[in-house]
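To convert, take the position in the sequence shown, counting from 1, and add 541; that gives the working numbering.
Heads up, the thing below is written out as structure tokens.
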Amino acid sequence: MGVLTRAQAGDEQAFAELVSPYRRELQLHCYRMLGSVSDADDLLQETMVAAWQGLSGLAGRSTLRAWLFRIATNRCLNSIRSGRRRPLPTPVPPFEPPAPTRRGAVSWLQPYPDAWLDLTPDPAPDPAARYEKRESVELAFIAALQLLPPRQVAVLVLSDVLGFSLREVATMLDATPTASKGLLQRARAALRRESLGGIDRPPEPGSRAEADLAQRFANAFSADDVESLVALLTDDAWLAMPPAPHEYHGIEPIAAFLRASAVGRAGQRLQLRPTRANGQPAFACYLGDADSHGAQPSGLIVLTLAGDRVTGVTRFLDPKLPAVFGFGHSWSEAASAGRPARRHPGAAAVPFTLPNCEVEVEESTPMGSPRRR
């Protein structure tokens, strides 16, 4: 008796064996659709329950992957339609920040641990997929997807990222191939207008160039050295701080915010632990009094690089994020553990080592605290 037959007969172990190869990419699919790791976890579980309950209707294993993605996609669409995706509470700052240059629309955005990803290049990539593995998980791409109508996101991800044919996509969405093609064309046009990718390519992941640039940023950020930090930025750099809507675009607005932030939190220090998120260098953040070793988690920083410069800084303010990435609930726990996020089975992560980045500035005033604004 085959695995599918045993699973359809009610064998839970056989079902787990059947769906195990697809769990990781299904969770990542839900993340692309929703922009939130916590929501993606919930929808993955709903997908597994629905698949278990509907397994008797599956004709054969050859259609299993498409069937699972159909369930996951429609569960995500239903979740968005029902308004279940709720932004996190906006932190209240202890100071008056400069006026933002823009207000972000994706306050629910969360980073995705590299330890959960398999970013090794495909030896034989799907010719139907238009995005490389790494490009399809970058934070800017995930954020841009959240601005599209949900069905456009579904068609674009299923077709251009996962390589399903338009006929398969149409079946998944109970639509015609013509309607699906129209959705895909509009989604592609919208992403082109966002000009994703920039002019300069980032350094190779895990390279010395990437590590050196990230460490220079970490040193300047932790020491509130605004001049050294802005020297690392591109002219069109941006700073975003989900779930807060404030965004600062351009060197001067970013510098103005960082100076105000530093003054507003005198006597505290920021400590960083290197990690990776969305295929990009990142840091778990811990904040505490300058004379104390009891720093508490205060979110995560993800860097977007272009050439030898930083073009984007996303300072996630959710204090729960370091734990998602496998770090402790205090600086002492994080420093002693120093482990990346728990891995999904078979996941591969690019090593990211900054030997001198555990910066502790005794009398600094850290930037980007969750108590901004």
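Each residue gets a CB set at the ideal place from its N, CA and C atoms; glycine is no exception.
Cα-Cα separation, residue i to residue j
{"i": "E558", "j": "V544", "result": "8 angstroms"}
{"i": "E637", "j": "L799", "result": "12 angstroms"}
{"i": "E566", "j": "L605", "result": "13 angstroms"}
{"i": "D830", "j": "R692", "result": "47 angstroms"}
{"i": "T642", "j": "E709", "result": "42 angstroms"}
{"i": "D849", "j": "L773", "result": "8 angstroms"}
{"i": "S677", "j": "Q687", "result": "13 angstroms"}
{"i": "L780", "j": "P794", "result": "9 angstroms"}
{"i": "P892", "j": "L754", "result": "Residue placement at P892 is flagged as unreliable, the pLDDT there being 33, under the threshold of 50; a coordinate-derived value is accordingly withheld."}
{"i": "A711", "j": "A847", "result": "37 angstroms"}
{"i": "Q594", "j": "A807", "result": "56 angstroms"}
{"i": "A592", "j": "A761", "result": "49 angstroms"}
{"i": "G551", "j": "R564", "result": "19 angstroms"}
{"i": "T855", "j": "S579", "result": "18 angstroms"}
{"i": "S706", "j": "R729", "result": "16 angstroms"}
Beta-carbon separation (whole angstroms), residue i vs residue j, contact threshold 8 angstroms
{"i": "L575", "j": "L585", "result": "Between L585 and L575 the Cβ distance is about 11 angstroms, and since that is not below 8 angstroms, they are no contact."}
{"i": "P652", "j": "N819", "result": "6 angstroms"}
{"i": "L650", "j": "A685", "result": "That pair is no contact at about 11 angstroms."}
Cβ neighbour criterion (16 or more within 10 Å) applied to residue i
{"i": "D741", "result": "exposed"}
{"i": "P886", "result": "With a pLDDT of 37 at P886, under the threshold of 50, the modelled position of this residue cannot be trusted, and the question is left open."}
{"i": "T816", "result": "buried"}
{"i": "E553", "result": "exposed"}
{"i": "P863", "result": "buried"}
{"i": "E745", "result": "exposed"}
{"i": "S748", "result": "exposed"}
{"i": "G840", "result": "buried"}
Min CB distance residue i to chain C below 8 angstroms
{"i": "R749", "result": "Annotation note: the requested chain C is absent from the structure, which comprises a single protein chain."}
Extent of the continuous alpha helix (DSSP H) to which residue i belongs
{"i": "G829", "result": "Where G829 is concerned, there is no enclosing alpha helix (DSSP H), although the beta strand (DSSP E) it sits in stretches over Q821 to D830."}
{"i": "E793", "result": "I792 to G805"}
{"i": "V544", "result": "V544 to Q549"}
{"i": "V647", "result": "Run containing V647: none; DSSP gives neither H nor E here."}
Beta strand (DSSP E) segment containing residue i, residue limits
{"i": "S839", "result": "Q837 to A847"}
{"i": "R810", "result": "Q809 to A818"}
{"i": "F857", "result": "R850 to F857"}
What residue ranges within the stretch 566–635 form continuous alpha helix (DSSP H) runs of no fewer than 4 residues, ordered along the chain?
578–595 and 605–622
Complete alpha helix (DSSP H) runs within the stretch 687–761 (minimum length 4 residues, chain order):
691–697, 707–713 and 718–734
Mind pulling the alpha helix (DSSP H) runs of 4 or more residues that sit fully within the stretch 760–784?
767–771
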